[in-house]
Ligand code: SF4
Ligand code: SF4
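Residue numbers (this note's numbering): 26 to 365.
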C-alpha cells in the first residue's frame, strides 16, 4: 500500500485509511478483525471522533490486541473552548488506552464564529497546544464541510492537517487541498465514497488517487470483508490513471443519479428526540430508487421504529446536517414512497 507524507506532520500514512463512523454500530471483535486485516493490507491510518459514540473505545480495545504502534491514530472533538477540549482529549486518551494520540482535530468547523472561538484566547486551540507540548497529542488538525471556513482555517496557520469531504461528486475539496498543500499541510478526504452512495468504488478510488494534493482517504467500513473488497477495487484502479470514455460516462451517470441532495449517512443530524432513524430511512429510499432492491427497501422502512409521522417539527436535525438537506421534506417524500 502506497504511503504518503501527511504534510508538515511528517507522519507517513497509507493512502487508504479507515473512517471510524461505522465501527460504533458493531462490537469489539469486529473492530479487531478490521484492524488485523488493515495491518495485512498495509493500512496504518485510522480516524475516529468523540462524537462517534463508542468508536474510540472499540478502537482502543482492539489496539490492545493488534498493537497500538501499527497505527497512526487520529480523532477529533467539537469543543470550541479550552476547558471543553481538555476534557475531550482526556476522554480520548482513556478510550484509546494510549499515552499519546498522533493527530487531534477540531471537528466540524463549518463557520467563522466557531473558528474564531477555537482560535480565541481561551479557545480549544490553547488546550491542543498545551497537550501537544506535553506530548499527549502529536499534531493538530481541523475538519470542515464548508470550503470558506476550511480555507480560513488553513490560512490561520494554526493547523497541520485539514480533513474535508471529497469524491467525484463533491469536488470543493480540490480547492481546499490545493490551498492546504501551499501551506505544507496534510490532507485527508472524508466521504471518499459519498457515505456509501457512490456505487462504483473502483472509479471513485481512481479519481481520488489521481488527486496530487491528497494524502489519505478514509472510507468507513462495516467489516473486514468490506475492507478487503475496498482494497481489491483500489488496487485494480491503478493503471495509467487516465479515464476512458466509458469510465467518464459511468461517472457522469452516477453524478446525475445522485444530484447534490443525497444523504451521506454521517448521522450528524442525530439525536432525534423521537428516535427517527433518519439515515436508515434515506438508505432505504436510495435502495428502492437507485439499486432496484424494492422489497428489501420496503422491509427496511417497515422495520423502522419511528418515521415522519412521529416528527414534532423541531427542526434540530436540519440545523445539524452539514449538507443542509431538507430532512423533513425528504422524510415526507420517503414516507409517500415506502409506507405500505
Ligand atoms: S425535525 Fe423531526 S426528524 Fe428532525 S430532529 Fe426534530 S423530530 Fe426528529
Ligand atoms: S441527513 Fe445529513 S446529517 Fe443526517 S445522515 Fe444524512 S447527510 Fe448526515
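No residue lacks a Cβ here, since even glycine has one placed at the ideal position from N, Cα and C.
Heavy atom of ligand 2 within 7 Å of residue i beta-carbon
i, result
"residue 197", "no"
"residue 293", "yes"
"residue 105", "no"
"residue 288", "yes"
"residue 326", "no"
"residue 77", "no"
"residue 244", "no"
"residue 189", "no"
Spatial neighbours of residue i in its chain, beta-carbon cut-off 6 Å, leaving aside the 5 residues before and after
i, result
"residue 53", "83 and 86"
"residue 302", "329"
"residue 164", "34, 128 and 185"
"residue 292", "304"
"residue 197", "172"
CB contact below 8 Å: residue i versus chain D
i, result
"residue 327", "Chain labels in this structure do not include chain D; a single protein chain is all it has."
Contacts around residue i, its chain only, beta-carbon distance under 7 Å, and the 5 residues preceding and following it disregarded
i, result
"residue 178", "134, 140, 167, 169, 184 and 187"
"residue 148", "105, 106, 107 and 142"
"residue 137", "174 and 177"
"residue 246", "43, 47, 59, 252 and 255"
"residue 150", "143, 144 and 183"
"residue 62", "249, 252 and 253"
"residue 218", "192, 226, 229 and 244"
Residue i beta carbon near ligand 1 (any heavy atom closer than 7 Å)
i, result
"residue 353", "yes"
"residue 298", "yes"
"residue 92", "no"
"residue 336", "yes"
"residue 339", "yes"
"residue 366", "Shown here, the chain extends from 26 to 365; a query on residue 366 therefore has no answer."
Whether residue i touches residue j by CB criterion (8 Å)
i, j, result
"residue 97", "residue 60", "no"
"residue 117", "residue 110", "no"
"residue 243", "residue 223", "no"
"residue 71", "residue 126", "no"
"residue 211", "residue 240", "yes"
"residue 112", "residue 74", "no"
"residue 315", "residue 220", "no"
"residue 56", "residue 93", "no"
"residue 353", "residue 337", "no"
"residue 309", "residue 363", "yes"
"residue 365", "residue 323", "yes"
"residue 369", "residue 66", "Lying outside 26 to 365, the shown extent of the chain, residue 369 is not represented and no answer is given."
"residue 33", "residue 261", "no"
"residue 306", "residue 359", "yes"
"residue 202", "residue 238", "yes"
"residue 225", "residue 266", "no"
Collapsed DSSP secondary structure at residue i in the structure displayed
i, result
"residue 168", "strand"
"residue 151", "helix"
"residue 304", "helix"
"residue 31", "coil"
"residue 190", "strand"
"residue 118", "helix"
"residue 246", "coil"
"residue 352", "helix"
"residue 70", "strand"
"residue 26", "coil"
"residue 232", "helix"
Contacting residues, own chain, Cβ-Cβ under 8 Å from residue i (five flanking each side not counted)
i, result
"residue 286", "348, 350, 351 and 355"
"residue 200", "172 and 176"
"residue 346", "293, 294 and 352"
"residue 156", "111, 114, 129 and 162"
Legend entry - Meets three-Cβ-pair contact criterion under 8 Å: the segment 77-91 and the segment 260-278: Here the segment 77-91 does not lie against the segment 260-278, with fewer than 3 beta-carbon pairs under 8 Å apart.
Inset, instruction - Specify whether the segment 211-229 and the segment 186-194 touch according to this definition: at least 3 beta carbon pairs, one from each stretch, less than 8 Å apart. - result: yes
Legend entry - Inter-stretch contact (C-beta, 8 Å, three-pair minimum) for the segment 336-346 and the segment 291-299: yes
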